[in-house]
Amino acid sequence: MGEGDLGLWTVLLAMIGGAIRVSTPFIFVSLGECLTERSGRINLGLEGTLVFGAMSGYAVAYETSSAWAGVLAAALAGTVFGLFHGWVCKLPRVNDIAIGIALMLLGMGLAFFFGKPYIQPVAPDLPAIPLGFWSSSPQVEAALRVNVLFVLGIALAFFIAWLFRSTRIGLVIRVVGDSSDAARAMGISVDRVRLLATAAGGALAGIGGAYLSLYYPGSWNEGISSGQGLMAVALVIFARWNPVNCIWAALLFGAAGALGPALQSIGISKGYYLSYAAPYVLTLILLIATSSTTRAVRCAPGELSITK
Amino acid sequence: MSMIVNPSRRSFIQGAAALAGATALTGFGAAPAFAAGLTVGFIYVGPKDDFGYNQAHAEGAAAVKAMDGVTVIEEENVPETVDCQKTMESMINFDGASLLFPTSFGYFDPHILEVAAKQPGVRFQHAGGMWNADKHPAHVGSYFGYIGMGQYLNGIAAAHATKTKKIGFVAAKPIPQVLLNINSFLLGARSVDPEITCQVIFTGEWSLAVKEAEATNALADQGVDVITCHVDGPKVVIQTAAGRGAFVCGYHADQTALAPEKYLTGAEWNWAKVYTDMVKTTLDGGTIDNFVRGGLADGFIKMSPLGPAVPDAGRNQFEAVKAEIMKGGFAAIKGPLKDNGGNVIAEAGQSFVETDVALESMNYLVEGVVGSLS
Chain A
200 MGEGDLGLWT
210 VLLAMIGGAI
220 RVSTPFIFVS
230 LGECLTERSG
240 RINLGLEGTL
250 VFGAMSGYAV
260 AYETSSAWAG
270 VLAAALAGTV
280 FGLFHGWVCK
290 LPRVNDIAIG
300 IALMLLGMGL
310 AFFFGKPYIQ
320 PVAPDLPAIP
330 LGFWSSSPQV
340 EAALRVNVLF
350 VLGIALAFFI
360 AWLFRSTRIG
370 LVIRVVGDSS
380 DAARAMGISV
390 DRVRLLATAA
400 GGALAGIGGA
410 YLSLYYPGSW
420 NEGISSGQGL
430 MAVALVIFAR
440 WNPVNCIWAA
450 LLFGAAGALG
460 PALQSIGISK
470 GYYLSYAAPY
480 VLTLILLIAT
490 SSTTRAVRCA
500 PGELSITK
Chain B
-2 MSMIVNPSRR
8 SFIQGAAALA
18 GATALTGFGA
28 APAFAAGLTV
38 GFIYVGPKDD
48 FGYNQAHAEG
58 AAAVKAMDGV
68 TVIEEENVPE
78 TVDCQKTMES
88 MINFDGASLL
98 FPTSFGYFDP
108 HILEVAAKQP
118 GVRFQHAGGM
128 WNADKHPAHV
138 GSYFGYIGMG
148 QYLNGIAAAH
158 ATKTKKIGFV
168 AAKPIPQVLL
178 NINSFLLGAR
188 SVDPEITCQV
198 IFTGEWSLAV
208 KEAEATNALA
218 DQGVDVITCH
228 VDGPKVVIQT
238 AAGRGAFVCG
248 YHADQTALAP
258 EKYLTGAEWN
268 WAKVYTDMVK
278 TTLDGGTIDN
288 FVRGGLADGF
298 IKMSPLGPAV
308 PDAGRNQFEA
318 VKAEIMKGGF
328 AAIKGPLKDN
338 GGNVIAEAGQ
348 SFVETDVALE
358 SMNYLVEGVV
368 GSLS
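So the protein lines, in turn, are chains A and B. Going by my numbering, the first residue of the first sequence is number 200, and it counts up by one from there. Going by my numbering, the first residue of the second sequence is number -2, and it counts up by one from there.
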């Protein structure tokens, strides 16, 4: 049936479009978390950093009329959160997971508090690249409007992968993450490396937040994040601490999230609560399929407090 | 997140503040002093400046604030969980509130009912149609407006703007008020052109920015060219739809500023009148009716000014039908009418006027609406 074919095509197209639109915050937050975790620390506060980044990015973009100034501000705010996390975790007998949860609540609280005056105004959007210009179909054009940050995120993933694989900086981060004793023996300051890795991770999460408020959905309100920051932490485990895998995990999550609305729009509307659960079901299935009863989580940095 | 905080932030902050104040001024043992006159509490499920549902209520609360002898206390972002019970208790016990407006649909059962059982001296006014004289106590009341009529008028404006004859609706949850809005939107449009269909997408939550944007994009992908919504904050839907080149009809509050060229009209609440009337009744020593309803004619709801994209023919029909509704007794749901599963809703000649209580238990989508309830 011709119309049915068209319907399924639009679902596929919507999932591709959704993957591109929705995945960017996942990419940035999971890359940030990946960087932090490879240095041996977990920052669960990235959800708070993401929300605060969304708020500060939107506020600065509105005040300066420049979306890029907003992105920069969000990155700076994220850096501050990351530095704070790294600094507190340096103190003796401090648990990084507990601090992360505290920072998550703090970041959201501060964002809601300072964000009040910015719910109503309209800030400038980030530019998009119309990669669908060749098509006469408005659906294809809309699906392939790719934001600059998405491209940047993918480039960054390959850059970080190269960093880990082929540079001295990457080696230092990995050593600190796998064995702090070995790092100390090499004369590396473990705390300083982790501080910087957490700060960089925070900056990336802040940029992820700016994408939410400045591009998609493109407005600041208190419900802007539906837990992307928390899910991204799970994505890192799912991606086995590999930056390039983070891209695939994020794209998969974005596409699965677009499934529910797309199915309803072509009239397959029974059980939409189930199709909305698709991303989580998918994660569970993949985690179970790739798990093992005989080994600890593969590729996990040795110093991580959850795997130690 | 606030589920983690126990007891509620409000009671903690107020307890701490009261303690600090009492210690500083009079030493230990002083009870926090309640303001003289009437204290009225408003509770919102989201932020009170969301361009939508909560903002509409907060504007009503602001009008109450301007009245003499009234103290208004507000708390926003209170989830429809045991949290709202804590908020109500603390408003009553710490602030001495004797009139409460918990404004979200899900606050009623069991939260308002539980607190009301413990607080017989406090008046609870719930927005939404769940109060039942047979089952519920007399110091709890319900109020709502016939905003479905506003969506019917939205539908008329939409029918004059659509080219694809496909209009769309981004809805939160399939509760009777939302279903009435969806059905009214389509029936308004079909009163102009019976070939129009309405695609509905449920997001499952009152406020989920990314999902609302995805739903709007999915509608636009299907060629839908006029979109309205029933979610708490319509800002994301309006901006995303306008960005995709679709026309939009507003809901809850006036969203003209978000898309001046694409905004056709909108169905808005006008709680200021409702709230000041109720508070005045209480101040005068009277009792608020347990069942308060009103529509366009009563000033409970109003329409946003028509946008530039509505053609003259549409303007005339819009104004004519609006005048008809203002007279009272208007029926959007009238026979012959079937639901979208083919079951008969109304026989020829049968009609449900806007004030019909049967509409408050609506559980169907009418023929022409593409979507299902679960």
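Heads up, the beta-carbon is just placed ideally off N, CA and C, and yes, glycines get one too. Predicted model only: the values in this text are computed from it and were never measured.
Asked: So what does DSSP say about residue 148/B, is it helix, strand or coil?; Found: helix
Asked: When you check each C-beta in the stretch 230 to 257 of chain A against every C-beta of chain B, which residues fall closer than 8 Å?; Found: none
Asked: Is the beta carbon of residue 217/A closer than 8 Å to that of residue 453/A?; Found: yes
Asked: Using 8 Å as the limit for Cβ to Cβ distance, is residue 16/B near chain A?; Found: Any reading at residue 16/B is ruled out, since the residue's pLDDT is 45, under 50, leaving its predicted position unreliable.
Asked: Helix, strand or coil: which one does DSSP assign to residue 318/A?; Found: coil
Asked: List, in order along the chain, the chain A residues whose C-beta lies closer than 8 Å to that of residue 69/B?; Found: Neighbours of residue 69/B on chain A: none; closest Cβ ~18 Å, over 8 Å.
Asked: Here's the rule I'm using: 16 or more other beta-carbon atoms within 10 Å means buried, otherwise exposed. How should residue 202/A be labelled?; Found: Here residue 202/A scores only 44 on pLDDT, less than 50, and its place in the model should not be relied on; the value that follows carries that caveat. Burial call: exposed.
Asked: How about residue 321/A: is its C-beta nearer than 8 Å to some C-beta of chain B?; Found: yes
Asked: With DSSP collapsed to three states, give me the class of residue 377/A.; Found: helix
Asked: Tell me the rounded alpha-carbon separation between residue 486/A and residue 361/A.; Found: 26 Å
Asked: To the nearest angstrom, how far is the alpha carbon of residue 283/B from that of residue 162/B?; Found: 51 Å
Asked: Between which two residues does the beta strand (DSSP E) holding residue 300/B run?; Found: 298 to 300
Asked: Taking buried to mean at least 16 other C-beta atoms within 10 Å of its own C-beta, is residue 392/A buried or exposed?; Found: buried
Asked: Spell out a yes or no on whether the stretch 247 to 262 of chain B and the stretch 306 to 321 of chain B are touching, meaning 3 or more CB-CB pairs, one atom from each, closer than 8 Å.; Found: yes
Asked: State yes or no: is the C-beta of residue 357/B within less than 8 Å of the C-beta of residue 173/B?; Found: yes
Asked: If you measure beta-carbon to beta-carbon, which residues of the stretch 219 to 232 of chain B are closer than 7 Å to chain A?; Found: 219, 230, 232
Asked: Against residue 204/B, what residues of chain A qualify as contacts under a CB-to-CB distance less than 7 Å, listed in chain order?; Found: 422
Asked: Contact defined as beta carbons within less than 8 Å: I believe residue 156/B pairs with residue 207/B. What is the distance between those atoms, to the nearest angstrom?; Found: Actually they do not touch by this definition, with Cβ atoms about 30 Å apart.
Asked: Mind checking which residues open and close the alpha helix (DSSP H) that includes residue 333/A?; Found: It is not in any alpha helix (DSSP H) - residue 333/A carries neither H nor E in the DSSP assignment.
Asked: Between residue 28/B and the rest of its own chain, which residues show a CB-CB distance below 7 Å, the 5 nearest in sequence each way excluded?; Found: Its pLDDT being 42, under 50, residue 28/B is placed unreliably by the model, and nothing is read from it.
Asked: For the stretch 213 to 225 of chain A, list every residue whose C-beta sits within 8 Å of some C-beta in chain B, in sequence order.; Found: 213, 216, 217, 220, 221
Asked: In whole angstroms, give me the CA-to-CA distance for residue 263/A and residue 147/B.; Found: 38 Å
Asked: Under the rule that 16 or more other beta-carbon atoms within 10 Å means buried, what is residue 124/B, buried or exposed?; Found: buried
Asked: Could you confirm whether any beta carbon from chain A is found closer than 8 Å to the beta carbon of residue 76/B?; Found: no
Asked: Which residues in chain A have a C-beta closer than 8 Å to the C-beta of residue 209/B? List them in chain order.; Found: 416
Asked: Could you tell me the boundaries of the alpha helix (DSSP H) in which residue 255/A lies?; Found: 245 to 263
Asked: Can you list the beta strand (DSSP E) stretches of 3 or more residues lying completely in the stretch 163 to 205 of chain B, in chain order?; Found: 163 to 168, 194 to 199
Asked: Would you decide whether residue 44/B is buried or exposed? Buried here means 16 or more other CB atoms lie within 10 Å of its CB.; Found: buried
Asked: Starting from residue 360/A, find everything on chain B with Cβ-Cβ shorter than 9 Å and list it in chain order.; Found: Correct list: empty, because the minimum Cβ distance to chain B is about 27 Å.
Asked: Can you tell me the Cα-Cα spacing of residue 251/A and residue 408/A, whole angstroms?; Found: 7 Å
Asked: Take residue 145/B and list the residues in its own chain whose beta-carbon comes closer than 6 Å to its own, dropping the five residues that flank it on each side.; Found: 177, 178, 181
Asked: With a threshold of 8 Å, are at least 3 pairs of Cβ atoms found where one atom belongs to the stretch 321 to 335 of chain B and the other to the stretch 350 to 369 of chain B?; Found: yes
Asked: Please classify residue 210/A: does DSSP put it in a helix, a strand, or coil?; Found: helix
Asked: Would a C-beta distance cut-off of 8 Å place residue 341/B and residue 140/B closer than the cut-off?; Found: no
Asked: Would the beta-carbon of residue 501/A fall within 8 Å of that of residue 378/A?; Found: yes
Asked: Does any CB atom of chain A fall closer than 8 Å to the CB of residue 198/B?; Found: yes
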